[in-house]
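Here is the structure we will look at, set down as structure tokens.
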Amino acid sequence: MPLLLKNFYAEGKEKEELKRAIKKLGINPKEVKKCYFANFSALVYLKDESLCRLYAELVPSPQEEKEIKLVHKYVERLKKLLEAERQAEVKAQQEEMRRLSGRERELLGRAILDLKGSKAGTKFKFHLVKFGRRKLIETEISSGDVVLISRGNPLKSDLTGTVVKVTPHSLIVAFENKPPAWVYKKGVRIDLYINDIPFKRMLETLEEIRHAQGRLKELRNIILGLRKPALPEKTKIEKFFDERLNKRQREAISLALGSADFFLVHGPPGTGKTSTLTEIIVQLVKTGHKVLATADSNIAVDNLVLNLSKYPFLKLVRIGHPARVMEELERFSIYALFEEEEKGKQVKAGWEEIKRLMEQRDKFTKPTPALRRGLSDEEVLSLSARGKGARGVKREVIRSMARWISLNQEIENRVSALKELEAEVFKRIISQADVVLSTNSMAKSEFLEGFEFDVAVIDEGSQQVEPSTLIAISRAKRFFLAGDHKQLPPTILSEEAKELEKTLFEKLIERFPGHSIMLEVQYRMNEKIMEFPNREFYEGKLIAAPEVKERLLKDLGVKEPQKFKNVLSPCHALGFIETSRINALEFQPEGSTSYENFEEAKICLELVEELLKMGVKKEDIGVITPYAAQVKLLKELFAEKGLKVEINSVDGFQGREKEVIIISFVRSNEDGEIGFLRDLRRLNVAITRPRRKLICIGNSATLKIQPVYERFLNYIREQGQWEVL
4 MPLLLKNFYA EGKEKEELKR AIKKLGINPK EVKKCYFANF SALVYLKDES LCRLYAELVP
64 SPQEEKEIKL VHKYVERLKK LLEAERQAEV KAQQEEMRRL SGRERELLGR AILDLKGSKA
124 GTKFKFHLVK FGRRKLIETE ISSGDVVLIS RGNPLKSDLT GTVVKVTPHS LIVAFENKPP
184 AWVYKKGVRI DLYINDIPFK RMLETLEEIR HAQGRLKELR NIILGLRKPA LPEKTKIEKF
244 FDERLNKRQR EAISLALGSA DFFLVHGPPG TGKTSTLTEI IVQLVKTGHK VLATADSNIA
304 VDNLVLNLSK YPFLKLVRIG HPARVMEELE RFSIYALFEE EEKGKQVKAG WEEIKRLMEQ
364 RDKFTKPTPA LRRGLSDEEV LSLSARGKGA RGVKREVIRS MARWISLNQE IENRVSALKE
424 LEAEVFKRII SQADVVLSTN SMAKSEFLEG FEFDVAVIDE GSQQVEPSTL IAISRAKRFF
484 LAGDHKQLPP TILSEEAKEL EKTLFEKLIE RFPGHSIMLE VQYRMNEKIM EFPNREFYEG
544 KLIAAPEVKE RLLKDLGVKE PQKFKNVLSP CHALGFIETS RINALEFQPE GSTSYENFEE
604 AKICLELVEE LLKMGVKKED IGVITPYAAQ VKLLKELFAE KGLKVEINSV DGFQGREKEV
664 IIISFVRSNE DGEIGFLRDL RRLNVAITRP RRKLICIGNS ATLKIQPVYE RFLNYIREQG
724 QWEVL
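Per the working numbering, the very first residue in the sequence shown carries number 4; after that it's consecutive.
In structure tokens, the structure reads:
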């Protein structure tokens, strides 16, 4: 039997507050056995339960007890997992920087060497630096990424910035503060870096969830199984703005709009998930709702902005660092909208004036402790007014320090006033918007503080950890989640935090199947590419749209191949190159947990060379593999030949598509050991990337140990082209 102490909340100081509260009751704090914190209350279990009978009025109901315990355990568990993952990410980043040379990290696409910076002006208050070199830049670093800038050892640098733009020979980085002079010298190195802010915002949201009130408390309790959600009811829609939507998409939209608490849109590859979400948002706005639209990645958010921008009647605001917004969508950025406002122009002019005042101030003597010798600002100003010196400080120095202090005070007053005006303008822009779009993390930024939305529409629901999804949910009265839990979950580095791989989308779709719908018509793949994943992962429910079901390379007018004639035939969608009869063995590089396969990498290169001779465009080809070591090896081989096609891991290619996809499975051993290929969601992602042609390379004897892979190989034998080397 516990005691319930209400109106109790002191984040980070719970134990001290509890100690005081217990003492007030006349109970020795040492009597406390266990305590839980939630709902602005503390649930306290005493070693001697008989003491609780003296405070009958403080004994909670069974429902209160259950709720507080469950909420506390939920929040604490997620906080512990997040911290383990944050530490793992930092450690992995630092270890890789120690273990690999700069050149090796550059080959993996996570570093760029031998750069020299040049000033590129300012934009939206950010200082821009263009880093360039003559040698071509091939990198995984893209706009919006946080990067570490260094000269020498990157682990000794603390200079970070955000990438604005990447070109073949340069990249532009935005800095919040004026960067040091050394960035303009030769030998600058840029590394992809961990962004700690999303972790902090997720932890803040968990504390908000812990003490949720009102509507957020109701949604939280649905998520925790303490409350049942209302069943979706179809809403009659008079007009669909996107007339291309199929029957299933329209049904999903109708059910979502008729859901009082939440709804899940299950979108397998190529089924028009983003189009469905776009229509949902437009319908919500047309019925007077204010919408928050989010996703975990900036690319997914920009895709939503791109789709919504086709409707000129929508007022859109994109929240986030301008460097993370696609250039063609910059006009929707809150910073661009700010500069269009009259008061925004005043603020901009005000910052210019502050810059001028700072330059003027810095011409005078800064009153450092050594110079002022204990004199306060007021004393310095008073002495200056009387033309006197003091404590061995000459009057000329006093006068110069006084001028510095006067100008600094004026600067501080102006900064304070400008920040208030700035906040007012930002608030008005957001208040007037129909749809506010941001990453989940940015939904927790100061921009949206105090705002509540009617609905949160959240994309990539199956690729984001639960606390990330909760950020968007915490801003709205109901939420719609879209994703595909049959594809890869979020990448979790910490073994201790593997539980985070199970997303809120997956949990809810398992517990409340009646609150979801699966889109069924896919608009990406040739029917033969689609059919195996359809049978294996989607219960055979997917249908290839008529315009894609028979699409092949021959439709692009390419030539017949001279090598790999069967597998590369433009008239066939599927091919497998069998390596079990050649010496194509896997290899684990020293100090690495990853695998590579040199023979398979060579075959990938030969296939791409032949595809290019056939007339396939290089931008239409993707080479993917499950293993980072194989990605590195492939990039080395292709670089030696001067070939530039997209090479990436399967995980890194999720959500993408190409006309032709070549997969190197890598694993080739006598033990039938296939490692993390056993996660069949990785297979699903890999084989659903191509539109017209899928070519797989592997050792069937190794792969077929896993029954699903055996079925996949048999399917290619039946429906595709099989070539034995």
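Where is the CB? At the ideal position from N, CA and C, for every residue including glycine.
Worksheet item: Is the Cβ-Cβ distance between I264 and A233 less than 8 Å?
Response: Mapped onto the sequence shown, residue 264 falls at position 261. Mapped onto the sequence shown, residue 233 falls at position 230. The sequence given here places Asp at residue 264; Ile does not occur at that position. It is a contact, given that the beta carbons lie within the stated cut-off.
Item to complete: Find the nearest neighbour of E179 within the set V268, F127, M205 and T170, judged by alpha-carbon distance.
Response: Residue 179 sits at position 176 when you count from the first residue of the sequence shown. The shortest Cα separation from E179 among V268, F127, M205 and T170 belongs to F127.
Fill in: K37 versus L49 - alpha carbon distance
For the purposes of this step, residue 37 is taken as residue 34 along the sequence shown, with counting starting at 1. For the purposes of this step, residue 49 is taken as residue 46 along the sequence shown, with counting starting at 1. Their Cα atoms are separated by approximately 7 Å.
Practice prompt. Classify D194 as helix, strand or coil using the three-state DSSP reduction.
Written response: To locate residue 194, count along the sequence shown from 1; it is residue 191. Here D194 sits in strand by DSSP.
Item to complete: Measure the alpha-carbon distance for I240 versus Q66 and round it to whole angstroms.
Response: The residue labelled residue 240 in the question sits at position 237 within the sequence shown. The residue labelled residue 66 in the question sits at position 63 within the sequence shown. If you take the alpha carbons of I240 and Q66, they lie about 40 Å apart.
Fill in: Euclidean distance between Cα positions of T442 and L686
Your numbering for residue 442 matches position 439 in the sequence shown. Your numbering for residue 686 matches position 683 in the sequence shown. In a straight line, the C-alpha of T442 is about 28 Å away from that of L686.
Worksheet item: So what does DSSP say about E19, is it helix, strand or coil?
Response: Position 16 of the sequence shown, counted from the first residue, corresponds to residue 19. Helix at E19.
Practice prompt. From the DSSP output, read off the bridge partner residues of P693.
Written response: Against the sequence shown, residue 693 aligns to sequence position 690. Answer is K661.
Discussion item. Tell me which residues share the same chain as G105 and place their Cβ nearer than 7 Å to its Cβ, disregarding the 5 neighbours each side in the sequence.
Written reply: Position 102 of the sequence shown, counted from the start, is the residue given in the question as residue 105. Taken in chain order, the residues that qualify are A114, L116 and R192.
Worksheet item: Is the number of C-beta pairs between the stretch 419 to 438 and the stretch 319 to 332 that are closer than 8 Å three or more?
Response: yes
Worksheet entry | Buried or exposed (CB count within 10 angstroms, at least 16 for buried), A352 | Numbered from 1 along the sequence shown, position 349 holds the residue referred to as residue 352. Flag for A352 reads exposed.
Worksheet item: Taking the C-alpha atoms as reference points, what is the distance between G453 and A479?
Response: Translated into positions along the sequence shown, residue 453 becomes position 450. Translated into positions along the sequence shown, residue 479 becomes position 476. Whole-angstrom Cα-Cα distance: 11 Å.
Worksheet item: Candidates L614, F601, S583 and F482: which alpha carbon is nearest Q565's?
Response: Counting from one through the sequence shown, the residue named residue 565 turns up at place 562. Of the listed residues, the one whose Cα sits closest to Q565 is L614.
Discussion item. Considering only the alpha carbon of each residue, which of I284, K696, L637 and R695 lies closest to S667?
Written reply: If you number the sequence shown from 1, residue 667 lands on position 664. For the residues I284, K696, L637 and R695, the minimum Cα distance to S667 belongs to L637.
Practice prompt. Specify the secondary structure class of N651 as computed by DSSP and reduced to three states.
Written response: Against the sequence shown, residue 651 aligns to sequence position 648. Residue state, collapsed to three classes: strand.
Discussion item. What does the alpha-carbon distance come out to for the pair L28 and K289?
Written reply: What you label residue 28 is simply residue 25 of the sequence shown in a count that begins at 1. What you label residue 289 is simply residue 286 of the sequence shown in a count that begins at 1. Distance between the alpha carbons of L28 and K289: 56 Å.
Discussion item. Please state the DSSP three-state secondary structure of F656.
Written reply: Within the sequence shown, the letter at position 653 stands for residue 656. If DSSP states are grouped into helix, strand and coil, F656 belongs with the helices.
Worksheet item: Within this structure, are the beta carbons of F40 and E17 separated by less than 8 Å?
Response: Looking up residue 40 in the sequence shown gives position 37. Looking up residue 17 in the sequence shown gives position 14. Cβ atoms of F40 and E17: closer than 8 Å.
Discussion item. Between L556 and I698, how many whole angstroms is the CB-CB distance? I'm expecting something under 8 Å.
Written reply: Within the sequence shown, residue 556 is the residue found at index 553, counting from 1. Within the sequence shown, residue 698 is the residue found at index 695, counting from 1. Going by Cβ atoms, the distance from L556 to I698 rounds to 11 Å, so no, they are not a contact pair.
Worksheet item: Closest by CA to E345, which one among L151, R538 and E427?
Response: Here residue 345 is taken as the residue at index 342 of the sequence shown, counted from 1. When each option's Cα is compared against that of E345, the closest is E427.
Worksheet item: Are the beta-carbon atoms belonging to G270 and L522 less than 8 Å from one another?
Response: Here residue 270 is taken as the residue at index 267 of the sequence shown, counted from 1. Here residue 522 is taken as the residue at index 519 of the sequence shown, counted from 1. Yes, Cβ-Cβ distance for G270 and L522 is below 8 Å.
Fill in: S583 to G678 span [Cα, whole Å]
For this step, residue 583 is matched to residue 580 along the sequence shown. For this step, residue 678 is matched to residue 675 along the sequence shown. The straight-line gap from Cα to Cα measures roughly 18 Å.
Worksheet item: Taking Cβ to Cβ, would you say R334 is nearer than 8 Å to G147?
Response: In the sequence shown, the residue the question calls residue 334 occupies position 331. In the sequence shown, the residue the question calls residue 147 occupies position 144. Taking 8 Å as the Cβ cut-off, R334 and G147 do not qualify as a contacting pair.
Worksheet entry | Proximal residues to C574 (C-beta, below 7 Å), its chain only, five neighbours per side dropped | Counted from its first residue, the sequence shown places residue 574 at position 571. Answer for C574: L555 and K557, listed in chain order.
Item to complete: Would you kindly work out how many angstroms separate the C-alpha atoms of A576 and D462, rounded to a whole number?
Response: Counting from 1 along the sequence shown, the entry for residue 576 is found at position 573. Counting from 1 along the sequence shown, the entry for residue 462 is found at position 459. Each residue's Cα considered, the two are about 30 Å apart.
Practice prompt. Grab the span of the alpha helix (DSSP H) containing Q633 for me, first residue to last.
Written response: Working through the sequence shown from its first residue, we reach residue 633 at position 630. From DSSP, the alpha helix (DSSP H) with Q633 extends over A631 to E643.
Practice prompt. Kindly confirm or deny that the stretch 483 to 503 and the stretch 217 to 237 touch, where touching means at least three C-beta pairs closer than 8 Å.
Written response: no
Worksheet item: I think E92 touches I175, with their Cβ atoms under 8 Å apart; what is that distance to the nearest whole Å?
Response: Within the sequence shown, the letter at position 89 stands for residue 92. Within the sequence shown, the letter at position 172 stands for residue 175. Actually they are not in contact, since the Cβ atoms of E92 and I175 sit about 26 Å apart, beyond 8 Å.
Worksheet item: Under 8 Å, do I2 and G164 count as touching if we go by C-beta distance?
Response: Residue 2 lies beyond the range of the chain shown here (4 to 728); nothing can be said about it.
Practice prompt. Compute the Euclidean distance between the alpha carbons of S278 and I212, then round it to the nearest angstrom.
Written response: Taking the first residue of the sequence shown as position 1, residue 278 is located at position 275. Taking the first residue of the sequence shown as position 1, residue 212 is located at position 209. Going from the Cα of S278 to the Cα of I212 covers about 31 Å.
Practice prompt. Would you give the residue range spanned by the beta strand (DSSP E) that F483 belongs to?
Written response: Translated into positions along the sequence shown, residue 483 becomes position 480. Counting along the chain, the beta strand (DSSP E) containing F483 begins and ends at A479 to G486.
Worksheet item: When the Cβ atoms of the stretch 628 to 636 are set against those of the stretch 589 to 597, are three or more pairs found closer than 8 Å?
Response: yes
Discussion item. What would DSSP say about S519, mapped onto helix, strand or coil?
Written reply: Counting from 1 along the sequence shown, the entry for residue 519 is found at position 516. Reduced to three states, the DSSP call for S519 is strand.
Worksheet entry | Y39, enclosing alpha helix (DSSP H) - first and last residue | As a first step, residue 39 is located in the sequence shown; it is residue number 36 there, counting from the start. Taken as a continuous stretch (DSSP letters only), Y39 belongs to no alpha helix (DSSP H), being part of the beta strand (DSSP E) at V35 to A41.
Worksheet item: What are the start and end residues of the beta strand (DSSP E) that includes V731?
Response: Given that the chain is displayed from residue 4 to residue 728, the structure contains no residue 731 and the question cannot be resolved.
Worksheet item: Run through DSSP, which three-state label would Q525 get?
Response: Here the question's residue 525 lines up with position 522 in the sequence shown. Strand at Q525.
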